[in-house]
Amino acid sequence: MLIIGAGLGGLCLAQGLSKAGIRATVFERDPAPNYRGQGHRVHLDDRGERALRACLPDDLYNLHLATRGQPSERFMLISAEEERLREIPFPDLGDGSQMIRTGRGVSRQTLREIMLGGVDVHYDRHLTHYTEESGSVTAHFANGATATGDLLVGADGIGSAVRQQKLPDARVLDTGVRWLGGKTPVTEEIRSSLPESLETAFAAVTGMDPAMMVGYLLFDQSPAGLGLTEPGDYVMWAITVPKDRLPDAIPDLHQKAVSLTATAHPAMRAIVTQAWPDQCFQLSLGTAEPVAGWDPTRVTLLGDAIHAMPPARASGANTALEDAATLTTTIQTESPLAAYEADLRERGFAAVRASTAALEQVAKTIIQT
Numbered sequence: 001m002l003i004i005g006a007g008l009g010g011l012c013l014a015q016g017l018s019k020a021g022i023r024a025t026v027f028e029r030d031p032a033p034n035y036r037g038q039g040h041r042v043h044l045d046d047r048g049e050r051a052l053r054a055c056l057p058d059d060l061y062n063l064h065l066a067t068r069g070q071p072s073e074r075f076m077l078i079s080a081e082e083e084r085l086r087e088i089p090f091p092d093l094g095d096g097s098q099m100i101r102t103g104r105g106v107s108r109q110t111l112r113e114i115m116l117g118g119v120d121v122h123y124d125r126h127l128t129h130y131t132e133e134s135g136s137v138t139a140h141f142a143n144g145a146t147a148t149g150d151l152l153v154g155a156d157g158i159g160s161a162v163r164q165q166k167l168p169d170a171r172v173l174d175t176g177v178r179w180l181g182g183k184t185p186v187t188e189e190i191r192s193s194l195p196e197s198l199e200t201a202f203a204a205v206t207g208m209d210p211a212m213m214v215g216y217l218l219f220d221q222s223p224a225g226l227g228l229t230e231p232g233d234y235v236m237w238a239i240t241v242p243k244d245r246l247p248d249a250i251p252d253l254h255q256k257a258v259s260l261t262a263t264a265h266p267a268m269r270a271i272v273t274q275a276w277p278d279q280c281f282q283l284s285l286g287t288a289e290p291v292a293g294w295d296p297t298r299v300t301l302l303g304d305a306i307h308a309m310p311p312a313r314a315s316g317a318n319t320a321l322e323d324a325a326t327l328t329t330t331i332q333t334e335s336p337l338a339a340y341e342a343d344l345r346e347r348g349f350a351a352v353r354a355s356t357a358a359l360e361q362v363a364k365t366i367i368q369t
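Just so you know, UniProt numbering puts the end of the sequence shown at 369, numbered straight through with nothing missing.
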């Protein structure tokens, strides 16, 4: 089994296959595991937790449980229009649902590090194309290397090279929003400046330019104390701006974040200024258009490679992990791959629609508040 991409979905699939006694090899375009910032806080709800329980061996799953963050129960708004930050109600979505399902904050870096355990990962493998034979599929990489297996899974994210070859007409729409994120160690100064209710929530900060998102990651147990690299509790933050305010190639992301928040609320400015500079990263927020059915082959997809979505409803990671668990079961039971792909489209694009609508609601609320 060939898995293209060592993100959460690809690694969860590799772990699930290994647990089932099926050999899988992961190919990652980055030259090393920690070559770049690997994201910050992700929200895992019952969907993601079920998938991890199904796919991870007991030792790794227990390590995940030990290093989760505090409960994450809701999405809230914080007003920055006054000297003291305060919570304000988030309007009803209109369909009776909550913005997010109750879950836990989790460090993407830590979860990824846990899931790398025991997985055969080849780094510096930039897929250029694949070729299919009657009984196999071969991946071709930019450095001249090749690898052949029974099935190739594209778990290579929003810019998926696998998707571009398999489904050349599939489109990912640019929302026009850019996300510059980072992590800041929790200090008494920062904790005292934020509403206490934020400790079990995730928030959009209104009444300032640029708009920001913010949330805690307060670990049950210190990852560093369990042999992992995450240094400790942090505040996750993200600046959201139109794409013309955040070019794609920025040499110093932390300095750019500091400059973007130069006139922001003092509490938000302090969070950005005191961030770990090497943990900053940027994203282009895209949303995948629904794709009609396709004929199953020895190549399939999971996660953002097929159903990329905005982060507004915290569904991206959960859906990718669900994909991995579902595909693992499909392969183990020799169920038709077409059944997995039909579920992938139905469940995945439902999450895309909900996330896109929620992003529009958040943007509208921020503008009106």
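Even for Gly, the Cβ is constructed at its ideal location relative to N, Cα and C.
In this text, all values refer to a predicted model and were calculated from it rather than measured experimentally.
Going by beta-carbon coordinates alone, are residue i and residue j separated by less than 8 Å?
i: I3; j: A155; result: yes
i: T184; j: M213; result: no
i: R178; j: S259; result: no
i: L301; j: S160; result: yes
i: V299; j: L198; result: no
i: L194; j: L85; result: yes
i: V106; j: G157; result: no
i: M236; j: H40; result: yes
i: A351; j: Q221; result: no
i: D233; j: L217; result: yes
i: L13; j: L327; result: yes
i: R50; j: A325; result: yes
i: I186; j: R108; result: Inspection of the sequence shows that residue 186 is occupied by Val rather than by Ile. Not in contact: V186 and R108 (Cβ atoms no closer than 8 Å).
i: L180; j: A257; result: yes
i: E81; j: A201; result: no
i: Q165; j: H140; result: no
i: A147; j: T138; result: yes
i: V162; j: A288; result: no
i: L246; j: Q274; result: no
i: L52; j: L226; result: no
When you compare each of the options to residue i by their alpha carbons, which one comes out closest?
i: R47; options: E346, T329, T333, D323; result: D323
i: G316; options: G21, D45, A24; result: D45
i: T110; options: G181, V137, L8, K166; result: L8
i: N34; options: A314, T330, Q279; result: Q279
i: T206; options: G176, R171, E87; result: E87
i: P277; options: G182, T187, P210; result: G182
i: H307; options: A14, R353, R101; result: R353
i: E196; options: L226, L77, A139, G286; result: L77
i: P71; options: G215, I271, R245, E230; result: G215
i: I271; options: E188, E113, D58, M115; result: E188
i: M208; options: D169, T261, R101, V172; result: T261
If I follow the unbroken beta strand (DSSP E) through residue i, where does it start and stop?
i: L285; result: 281-288
i: T128; result: 127-132
i: R178; result: 172-185
i: I1; result: Note on identity: in this sequence residue 1 is Met, with Ile being the wrong assignment. Element bounds for M1: n/a, residue is neither H nor E.
i: V106; result: 103-107
i: M78; result: Correcting the residue type first, residue 78 is Ile in the shown sequence and not Met. Note, I78: beta strand (DSSP E), 74-79.
i: L152; result: 152-154
i: G225; result: Here G225 belongs to no beta strand (DSSP E), and DSSP marks it neither H nor E.
i: A147; result: 146-149
i: T206; result: 201-206
Is residue i helix, strand or coil when you go by DSSP?
i: Y216; result: strand
i: Y234; result: strand
i: H254; result: helix
i: V137; result: strand
i: A275; result: coil
i: V352; result: helix
i: D120; result: strand
i: P266; result: helix
i: S315; result: coil
i: H40; result: coil
i: M309; result: coil
i: residue 370; result: Outside the shown range of the chain, which is 1 to 369, sits residue 370, and nothing can be said about it.
i: T297; result: coil
i: T240; result: strand
i: R23; result: coil
i: A211; result: strand
i: R84; result: coil
From which residue to which residue does the alpha helix (DSSP H) around residue i run?
i: L8; result: 8-19
i: L63; result: 58-66
i: A54; result: 46-55
i: A161; result: 161-166
i: E28; result: E28 -> no alpha helix (DSSP H), and no H or E assigned at all.
i: E189; result: 188-193
*Pairing CB atoms from the region 336-344 with CB atoms from the region 62-79, are three or more of them under 8 Å?*
Touching, no, given that fewer than three Cβ pairs across the two stretches are closer than 8 Å.
*For the 8 Å Cβ check, are there 3 or more pairs between the region 259-271 and the region 287-301?*
Short answer: they don't touch.
*State whether the region 20-28 contacts the region 114-126, with contact taken as three or more CB pairs (one from each stretch) at a distance under 8 Å.*
At 8 Å Cβ cutoff, the stretches touch.
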